[in-house]
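Each remark here refers to the structure printed beneath this line.
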Amino acid sequence: MIPYATATAGAEALGRPLSWAEATWLRYTSATPDYCLYYLNSVIIMIAYTLAPLPLALLELYGPAKLTSPYKLQPKVRVSRAAFLRCYMDSACRLLVLTCGPLLVVSYPAVKMVGIRMGLPLPAAGEVAAQLVVYFLVEDYLGYWLHRLLHAEWAYDKIHRVHHEFAAPVSFASGYSHWAELLTLGSPAFIGPAIVPCHVTTFWLWFVVRGVQAIDTHSGFKFPFSPTKFIPFYGGAEFHDYHHYVGKQCQSHFAPVFTFCDYIYGTDKGYRYQKASLAKDN
């Protein structure tokens, strides 16, 4: 709960007038317990996971083949409406009921301990951007090794194979995984905020942006006008689509976001060989 009863009290405590966003935040949160603000993250995640993939899903299901095929990474594969619905329902249940919800509940004491703050002032845009960069780098490095571990024979057969049921990934498949995988690969997302504590609004934004990035990576489309091509070392849908296409035997693209871990540790050779072969054939 934010310890300011009025905007005037908040301004006096900060030594300056409140911004419009801060005044709005104060009105919304002044009587709201901190744990409610933190648990709201699960609602935000589910809204983002439901709405962000919809345009890509509709394009996949109803877009004319002549228009969509040039941008589809596996143009011969068309996922049915029933498969899309099953993918969403299964992953939403696992994400909210089995992993995201319980993980948020359990992690609240730790989040308070490391210093995730709920009050005023709100963070500046530069602070938010810098923290998000740190979170992406930390999560990408840890995610690389955990994903690589999931491709060990036992872990793949018992856990990771569920995610690879979609050999041609679609937008909703970003969260389609065994519950143990969701816990395993979801945990690194909390490490960055633990190392560099942030405001709860940045915490919300981090999980939304990371979720949208995962949706983009699993979209199955490569658009020439995508703004992600300006992000240095960004893997994107093309790199990850190869990983799904090869499946269990794949030893490329274990990192969830960027390409430098796969380059440094030599796990991008299969992908680079395929790209070179395709270029030679063309």
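Numbering (UniProt numbering), first residue to last: 1 to 282. Note that the Cβ used here is the ideal one computed from N, Cα and C, for glycine as well.
TODO: Mark histidine 147 as exposed unless 16 or more other C-beta atoms lie within 10 angstroms of its C-beta, in which case mark it buried.
DONE: buried
TODO: Using a threshold of 8 Å, state whether the C-beta atoms of glutamate 139 and alanine 189 are closer than that.
DONE: yes
Open item on the list: Just to check my reading of the structure: serine 171 and isoleucine 215 have Cβ atoms closer than 8 Å, yes? What is that Cβ distance to the nearest angstrom?
Closed with: 5 Å
TODO: Find the nearest neighbour of arginine 27 within the set Cys250, Lys66 and Leu120, judged by alpha-carbon distance.
DONE: Leu120
Open item on the list: With a threshold of 8 Å, are at least 3 pairs of Cβ atoms found where one atom belongs to the stretch 103–113 and the other to the stretch 29–45?
Closed with: yes
Task: Contact under 8 Å by Cβ, cysteine 87 with tyrosine 176 - done: yes
- [ ] State the start and end residues of the unbroken alpha helix (DSSP H) segment that holds alanine 237.
- [x] 236–246
- [ ] Can you check DSSP and say which residues form a bridge with histidine 199?
- [x] Arg117
TODO: For lysine 72, name the three-state secondary structure that DSSP assigns.
DONE: strand
- [ ] For my contact list, aspartate 241 and leucine 73 are in at a C-beta cut-off of 8 Å; report their separation, rounded to the angstrom.
- [x] 4 Å
TODO: Determine which residues share a DSSP beta bridge with phenylalanine 258 and list them.
DONE: Tyr234
Open item on the list: Can you give me the C-alpha to C-alpha distance between methionine 89 and tyrosine 263, rounded to a whole angstrom?
Closed with: 35 Å
TODO: With 8 Å as the threshold, decide whether the Cβ of leucine 51 is near any Cβ in chain B.
DONE: Looking for chain B here will not work: only one protein chain is present.
- [ ] Could you tell me which residues DSSP pairs with phenylalanine 221 in its beta bridges?
- [x] Lys72
Task: Where phenylalanine 225 falls, given that 16 or more other Cβ within 10 Å makes a residue buried - done: exposed
TODO: Kindly indicate the opening and closing residues of the alpha helix (DSSP H) around isoleucine 47.
DONE: 34–51
- [ ] Rounded to whole angstroms, what's the CA-CA distance from methionine 1 to leucine 98? Just pull it up for me.
- [x] Any reading at methionine 1 must be qualified, since the residue scores a pLDDT of 48, below 50, and its modelled position is unreliable; the value itself is stated next. Taking the straight line joining both Cα atoms gives about 28 Å.
Task: Whole-angstrom distance between phenylalanine 258 and leucine 122, CA atom to CA atom - done: 29 Å
Open item on the list: Relative to the C-alpha of arginine 94, which candidate in Ser174, Ala168, Phe207 and Ala65 has its C-alpha closest?
Closed with: Ser174
Open item on the list: Let me make sure I understand the geometry here. Which of Thr267, Val128 and Ala180 has the alpha-carbon closest to that of tryptophan 206?
Closed with: Val128
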